[in-house]
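**Q** Protein chains in written order, with the working numbering: chain A, 18 to 125; chain B, 18 to 125.
For each residue, glycine too, the CB sits at the ideal point set by N, CA and C.
Structure in structure tokens, see below.
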DNA sequence: TCGTTTCCTCTATATTGTAGAAGTAATGAG
DNA sequence: CTCATTACTTCTACAATATAGAGGAAACGA
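Here it is as structure tokens:
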């Protein structure tokens with residue numbers, strides 16, 4: 018594999034959000050999911066920039082949705098994680114787990 | 018707190034290594050610990066640069082050790098994690114945990 | 001003293017992270 | 001049917017992290 022073979026911290030979080038959201042993952046929901054779960058503010062620009070990078074690495078793919086019948090309901094760009102994306106998450110989590118194994122931490 | 022209040026991926030790994038190593042943490046052992054546990058190659062420059070950054074954030078402190086009676090046994094620079102460093106690890110792990118909770122992943 | 005070893009510092013660059021303004025496509029009000 | 005408004009995405013610019021490896025410094029042993 019070329020370059021790093023593990024994820025940056027935010028890349029990791031973004032991919033986890035995609036896994037959680039499944040079909041309904043697009044810019045806005047990804048942002049929401051992260052903000053709600055982690056209590057951390059996320060700029061929308063950060064979300065898209067990261068998704069873009071992940072796509073160029075092949076960890077994510079996107080497709081255009083149809084417009085929805087609601088005020089401002091323009092078509093969304095839906096994202097989903099790929100097989101190699103899952104593998105990358107997997108490797109990252111594994112490494113982290115190896116490093117934490119047996120360690121006593123306040124929140125595990 | 019100023020700036021990001023969570024850790025970059027490698028910063029995270031490095032702090033976990035410090036926690037594991039305790040008293041015997043210095044450049045070389047930190048590198049070893051990570052390489053052995055994660056199967057990932059780590060350049061020594063990366064280790065020091067990161068420790069340096071962590072120290073400037075107050076997450077780590079360092080002290081000079083004494084020379085040891087062995088070939089090339091010059092004095093080492095020992096590192097240890099601080100209270101706020103532990104808190105940072107804690108926050109990062111917590112966020113990650115929130116994101117993975119309930120998710121079915123190969124390596125969990 | 002000098003060669004060898006162990007460790008650390010420095011320099012330079014690539015990759016990620018971050019914010020927010022600006023742009024685009026849709027709806028609904030009037 | 002035009003326009004204000006809404007939902008969403010793209011762009012741009014910059015800051016912070018990650019990474020490699022050459023080179024320098026301090027110690028020992030011969």
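Compare the C-beta of residue 36(A) with all C-beta atoms of chain B and state if any pair is closer than 9 Å.
**A** It does; some Cβ of chain B falls within 9 Å.
**Q** State the start and end residues of the unbroken beta strand (DSSP E) segment that holds residue 78(A).
**A** First-last of the beta strand (DSSP E) with residue 78(A): 77–81.
**Q** Return yes when the Cβ of residue 76(B) is within less than 9 Å of the Cβ of residue 98(B), no when it is not.
**A** Yes. Within cutoff.
**Q** So residue 57(A) is in the alpha helix (DSSP H); what residue range does that whole segment cover?
**A** No alpha helix (DSSP H) contains residue 57(A), which DSSP labels as neither H nor E.
**Q** Would residue 27(A) be called buried (16 or more neighbouring beta carbons within 10 Å of its own) or exposed?
**A** Buried: at least 16 other Cβ atoms inside 10 Å.
**Q** Starting from residue 54(A), find everything on chain B with Cβ-Cβ shorter than 9 Å and list it in chain order.
**A** Within 9 Å Cβ-Cβ: 112, 115, 116 and 118.
**Q** Going by DSSP in three states, residue 65(A) sits in which element: helix, strand or coil?
**A** Residue state, collapsed to three classes: helix.
**Q** What did DSSP end up calling residue 94(B) once you bin it into helix, strand or coil?
**A** Of the three classes helix, strand and coil, the one that applies to residue 94(B) here is strand, per DSSP.
**Q** Rounded to whole angstroms, how far is the Cβ of residue 38(A) from the Cβ of residue 50(A), which I believe are closer than 8 Å?
**A** Right, their Cβ atoms sit about 6 Å apart.
**Q** Determine the extent of the alpha helix (DSSP H) in which residue 26(A) is found, giving its start and end residues.
**A** Note, residue 26(A): alpha helix (DSSP H), 26–38.
**Q** Keeping to the same chain, check which residues put their C-beta closer than 6 Å to that of residue 24(A); ignore five residues upstream and five downstream.
**A** Same-chain partners within the cutoff: 105 and 109.
**Q** Could you tell me whether the Cβ of residue 109(B) comes closer than 9 Å to any Cβ of chain A?
**A** True, the Cβ-Cβ gap to chain A drops below 9 Å.
**Q** Say whether chain B places a C-beta atom closer than 9 Å to the C-beta of residue 48(A).
**A** Not one chain B Cβ lies under 9 Å of residue 48(A).
**Q** Run the CB neighbour count on residue 120(B), radius 10 Å, all protein chains shown included, and call it buried at 16 or more, exposed below.
**A** It counts as exposed.
**Q** Does any residue of chain B bring its CB to less than 9 Å from the CB of residue 80(A)?
**A** No, no contact with chain B.
**Q** How would you write the range of the alpha helix (DSSP H) that residue 120(A) sits in, first residue to last?
**A** Run containing residue 120(A): none; DSSP gives neither H nor E here.
**Q** Are any of the Cβ atoms in chain B nearer than 9 Å to that of residue 6(A)?
**A** The first residue shown for chain A is 18 and the last is 125, placing residue 6(A) beyond what the model contains.
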